[in-house]
Amino acid sequence: MATHGGRLNQAVQQWGIPRGQWVDLSTGINPWPWPVPAVPAEVWQRLPEEDDGLPAQARHWAGAPPDAGCLPVAGTQAAIQALPRLRAPGRIGVPDPGYAEHAEGWRAAGHGVIPFTTLPSDEELAALDALVWINPNNPTGEPVMARDLMACHEQLAAHGGWLVVDEAFIDAEPTQTLVPETGREGLVVYRSMGKFFGLAGLRAGLMFGPGGLCGSLGELLGPWAVSHPARYLTQQALSDTAWQKAAASQLHHGHDRLVALLRSAGLAPRGSAPYFAYCPHDEPGRVAEALAAQAVLVRVFEAPPALRFGLPGAEPEWEQLARALQTL
Numbered sequence: 594m595a596t597h598g599g600r601l602n603q604a605v606q607q608w609g610i611p612r613g614q615w616v617d618l619s620t621g622i623n624p625w626p627w628p629v630p631a632v633p634a635e636v637w638q639r640l641p642e643e644d645d646g647l648p649a650q651a652r653h654w655a656g657a658p659p660d661a662g663c664l665p666v667a668g669t670q671a672a673i674q675a676l677p678r679l680r681a682p683g684r685i686g687v688p689d690p691g692y693a694e695h696a697e698g699w700r701a702a703g704h705g706v707i708p709f710t711t712l713p714s715d716e717e718l719a720a721l722d723a724l725v726w727i728n729p730n731n732p733t734g735e736p737v738m739a740r741d742l743m744a745c746h747e748q749l750a751a752h753g754g755w756l757v758v759d760e761a762f763i764d765a766e767p768t769q770t771l772v773p774e775t776g777r778e779g780l781v782v783y784r785s786m787g788k789f790f791g792l793a794g795l796r797a798g799l800m801f802g803p804g805g806l807c808g809s810l811g812e813l814l815g816p817w818a819v820s821h822p823a824r825y826l827t828q829q830a831l832s833d834t835a836w837q838k839a840a841a842s843q844l845h846h847g848h849d850r851l852v853a854l855l856r857s858a859g860l861a862p863r864g865s866a867p868y869f870a871y872c873p874h875d876e877p878g879r880v881a882e883a884l885a886a887q888a889v890l891v892r893v894f895e896a897p898p899a900l901r902f903g904l905p906g907a908e909p910e911w912e913q914l915a916r917a918l919q920t921l
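Under the working numbering, the first residue of the sequence shown is numbered 594, with each subsequent residue one higher.
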């Protein structure tokens with residue numbers, strides 16, 4: 594299985610530092626989450642129902658056209674694993690570096706996976722059955738213009754190919770989202786409730802795409818794939834537009850502060866995703882160990898070598914990170 598951030602229990606055991614003393618910056622989750630309200634008792638007592646209005650509300654929130662399919666999923670990870678099973682084995686392009694589960698999901702379904710450091714050329718697209726892209730990228734934070742992705746879709750769709758875009762980190766600046774283009778054949782977009790809303794534990798996400806394909810994936814995932822509490826809270830969060838506006842501003846300010854702090858420590862952040870800072874480094878393991886000794890957990894990438902710092906939340910966490918960076 595691929596390695597991911599958030600493995601705090603493992604860090605506690607490895608370093609012998611009590612859990613409450615750690616600042617976990619190993620994920621890209623908003624540290625100032627949407628305030629979860631009380632869930633009515635009947636939501637816990639009843640099975641979820643597909644006609645609860647969530648798909649229509651999600652289309653409105655994300656700007657999807659009325660004819661686009663919208664499938665709530667148990668975190669976009671559920672779609673990432675299952676969607677490749679709905680296509681005959683072929684050649685699939687994926688970003689490198691990128692979220693490793695995309696390549697794993699297609700490979701597990703019998704597809705050949707071809708890594709790309711930049712968007713493929715027209716000639717390369719002609720040889721692909723599908724292209725997966727992450728916008729902005731995880732872990733680098735590198736964004737891609739919507740028009741460039743749509744040009745890829747046009748090339749792929751001409752021979753029956755798919756473009757699958759993971760927009761898990763786009764909500765803080767969604768101007769380049771492709772959701773308004775969904776509904777046309779061969780275009781799929783994932784959106785997450787875990788990153789921007791800070792609700793990773795909710796395990797809720799959305800897939801936008803052709804209605805038939807969303808229906809096929811829903812049948813594959815089976816009934817009640819998303820819990821009733823997750824559907825209920827997703828609806829409440831999507832309707833809280835005032836919080837969303839404030840959260841986007843807070844994330845941008847936090848990112849600017851983090852970048853300045855890392856630069857003052859001699860690191861060189863790159864990319865622009867507001868949720869984290871990506872720092873190429875020749876010895877990321879050495880830096881991560883020095884920080885872990887000060888109870889600061891960050892994400893290490895080996896190829897290419899780099900570190901990723903999530904945003905601290907409360908002021909004491911910022912102060913702990915600043916002290917830890919001084920030890921480098």
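From the three backbone atoms N, C-alpha and C, an ideal C-beta is built for every residue, glycine too.
According to DSSP, residues forming a beta bridge with residue i
i	result
VAL758	TRP726 and VAL782
ALA870	PHE902
MET738	In DSSP, MET738 forms no bridge with anything.
PHE801	CYS663 and VAL782
VAL636	Its beta-bridge partners do not exist; DSSP assigns none.
ARG600	None, per the DSSP bridge assignment.
Where residue i sits in the DSSP three-state scheme
i	result
ASP849	helix
VAL772	helix
GLU895	strand
MET743	helix
ARG622	It is Ile, not Arg, that sits at residue 622 in the sequence shown. The answer is coil: DSSP assigns ILE622 none of H, G, I, E or B.
TYR825	helix
GLY753	coil
ILE763	coil
VAL687	strand
ILE610	coil
GLY878	helix
VAL706	strand
LEU721	coil
ARG863	strand
LEU855	helix
LEU890	strand
ASP645	coil
ARG700	helix
ASP617	strand
ARG652	helix
ARG777	strand
THR834	helix
SER820	coil
TRP627	coil
ARG678	helix
SER809	helix
Distance, residue j Cα to residue i Cα
i	j	result
TRP836	TRP627	7 Å
ALA723	ILE685	5 Å
MET738	THR620	24 Å
PRO648	THR768	21 Å
TRP699	PHE709	15 Å
SER820	SER857	45 Å
PRO677	LEU806	11 Å
GLN887	GLU895	22 Å
GLY753	LEU914	49 Å
ILE727	ARG600	23 Å
PRO799	ALA883	In the sequence as displayed, the identity of residue 799 is Leu instead of Pro. Looking at the two C-alpha atoms, the distance is approximately 38 Å.
PRO606	ALA881	Correcting the residue identity first, residue 606 is Gln in this sequence and not Pro. If I take the Cα positions, the gap works out to 16 Å.
ALA702	HIS597	21 Å
ASP875	PRO867	24 Å
LEU664	TYR783	10 Å
GLY813	THR827	It is Leu, not Gly, that sits at residue 813 in the sequence shown. Spanning the two alpha carbons is a distance of roughly 22 Å.
GLY878	TRP637	44 Å
ASP689	SER865	17 Å
LEU780	GLN919	47 Å
TYR871	VAL757	24 Å
LEU618	ILE763	19 Å
PHE801	GLU760	11 Å
ALA751	SER714	15 Å
ARG639	ILE707	44 Å
Spatially closest choice to residue i from the options, by CA coordinates
i	options	result
TYR825	PRO633, GLN607 and LEU601	PRO633
LEU556	GLU735, ASP764, VAL725 and ALA765	Outside the shown range of the chain, which is 594 to 921, sits residue 556, and nothing can be said about it.
GLY815	ALA675, ASP875 and ALA823	ALA675
ALA840	GLY791, PRO713 and PRO732	GLY791
ALA922	SER857, ALA720, ASN731 and HIS845	The structure shown does not extend to residue 922, since the chain spans only 594 to 921, so no value can be given for it.
GLU747	THR768, ASP660, GLU778 and ARG879	GLU778
PRO822	ASP645, ILE622 and VAL616	ASP645
GLU912	GLN607, PRO630, VAL616 and GLY598	VAL616
ALA917	LEU890, GLU895 and ASP741	LEU890
ARG863	THR733, ARG678 and PRO665	THR733
VAL772	ALA604, ALA655 and LEU618	ALA655
GLY662	LEU756, GLY776 and GLY847	GLY776
GLY847	ALA818, PRO873 and ALA765	ALA765
ALA651	ASN602, ILE622, ALA631 and GLN829	GLN829
Min CB distance residue i to chain B below 9 Å
i	result
ARG652	You won't find chain B in this structure, because it holds only one protein chain.
*Counting pairs of beta carbons, one from the region 608-615 and one from the region 785-793, are three or more of them closer than 8 Å?*
No: fewer than three Cβ pairs fall under 8 Å.
*Could you tell me whether the region 693-704 touches the region 665-679, using the rule of 3 or more Cβ pairs below 8 Å?*
Taking a cut-off of 8 Å for Cβ pairs, the region 693-704 and the region 665-679 touch, as three or more such pairs fall below it.
*Between the region 838-853 and the region 895-911, do three or more beta carbon pairs fall short of 8 Å?*
The count of Cβ pairs closer than 8 Å, one atom from the region 838-853 and one from the region 895-911, reaches three, so the stretches are in contact.
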